[in-house]
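Report on the following structure.
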Amino acid sequence: MTENYNGLEVFSYQFDRFAYEHPWIGAQAGEFMLGPEGGGMLEFTHATVFALPEGGAHEVHGPILDWYLGHGGPYGALGYPISNERPTPTGSGRYNLFQRGAIGWLPDVGAFTIGGRREESDVTPGPEVVLVSAVDAPIAALGISA
Numbered sequence: 117m118t119e120n121y122n123g124l125e126v127f128s129y130q131f132d133r134f135a136y137e138h139p140w141i142g143a144q145a146g147e148f149m150l151g152p153e154g155g156g157m158l159e160f161t162h163a164t165v166f167a168l169p170e171g172g173a174h175e176v177h178g179p180i181l182d183w184y185l186g187h188g189g190p191y192g193a194l195g196y197p198i199s200n201e202r203p204t205p206t207g208s209g210r211y212n213l214f215q216r217g218a219i220g221w222l223p224d225v226g227a228f229t230i231g232g233r234r235e236e237s238d239v240t241p242g243p244e245v246v247l248v249s250a251v252d253a254p255i256a257a258l259g260i261s262a
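Taking the working numbering, I'd label the letters of the sequence shown as residues 117 to 262.
Structure representation (structure tokens):
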């Protein structure tokens, strides 16, 4: 049997399933809010969960959430999250992937963007562009040697 979901019901199912699979996010703490591109967001005690109607709910929390919301959230340059927060390969930091970039966090640096575009940028790159990552923090602060 195939079920059809209409309207905002699709978000209710996504958020309920996410909360069931990730009980650490706590209880619902806010009301559902519609976002750009037909997406939505719902605040929980320990995270905010973002979802698009085609599926895929992802959480953002802590300093990464603060940075993300402070720079426009899903309305900003990065768009919606496409991953849950993850540890860095070294285990010393955290990061979330977004539609158009990523946000990282390191203990001595705080939250910073990786890739994406700046909010004030309206330039669409041409086909000859080479994609590179950019970090909004001094390289020395990240503990990376050249």
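The C-beta atom is built at its ideal place from N, Cα and C for all residues, glycine as well. For clarity, every value in this text was computed on a predicted model and none was experimentally measured.
Beta-carbon proximity list for residue i, same chain, < 6 Å, skipping 5 on both sides
| i | result |
| --- | --- |
| GLN130 | ALA167, ALA173 |
| TYR136 | none |
| VAL239 | Confidence at VAL239 is low in this model, with a pLDDT of 38, below 50, so its placement is unreliable and the value that follows should be read with caution. No residues qualify anywhere along the chain. |
| PRO139 | none |
| PRO205 | none |
Residues of its chain near residue i, where Cβ-Cβ distance is below 8 Å and the 5 sequence neighbours each way are ignored
| i | result |
| --- | --- |
| PHE127 | PHE148, GLY156, LEU158, ALA167, PRO169 |
| ASN212 | HIS174, VAL176, ILE180, TYR184, PRO197, SER199, ASN200, GLU201, ARG202, ALA218, ILE219 |
| ARG133 | ALA173 |
Nearest neighbour of residue i, chosen from the options [CA to CA]
| i | options | result |
| --- | --- | --- |
| ASP224 | GLN215, ARG216, ARG210, TRP140 | ARG210 |
| GLY154 | TYR184, GLY217, GLU125, ILE141 | GLU125 |
| GLY198 | GLY171, THR206, THR204, GLY188 | According to the sequence shown, residue 198 is Ile rather than Gly. The residue with the shortest Cα to Cα distance from ILE198 is GLY171. |
| SER208 | GLU201, ALA135, GLU137, LEU222 | LEU222 |
| GLU201 | TYR184, TRP183, HIS177, GLY146 | HIS177 |
Close-in-space but distant-in-sequence residues of the same chain around residue i (CB under 7 Å, 5 per side omitted)
| i | result |
| --- | --- |
| PRO152 | PRO190, TYR191 |
| GLY226 | PRO179 |
| PRO203 | ARG210 |
| GLU244 | Residue confidence is low: GLU244 scores 45 on pLDDT, short of 50, so the model does not pin down where it sits. Its coordinate-derived value is still stated next. Nothing meets the Cβ criterion. |
| GLN144 | LEU158, PHE160 |
| TRP183 | ILE219, ALA227 |
| LEU150 | GLY156 |
Contact under 8 Å by Cβ, residue i with residue j
| i | j | result |
| --- | --- | --- |
| PHE228 | GLY220 | yes |
| THR274 | LEU181 | The shown model of the chain, from 117 to 262, leaves out residue 274, and the question about it has no answer. |
| GLY186 | ARG216 | no |
| ILE141 | GLU175 | yes |
Residues that residue i bridges to, as DSSP identifies them
| i | result |
| --- | --- |
| THR164 | GLU159, VAL176 |
| GLN144 | PHE160 |
| ALA135 | Partner(s): none; ALA135 has no beta bridge. |
| TYR211 | ARG202, GLY220 |
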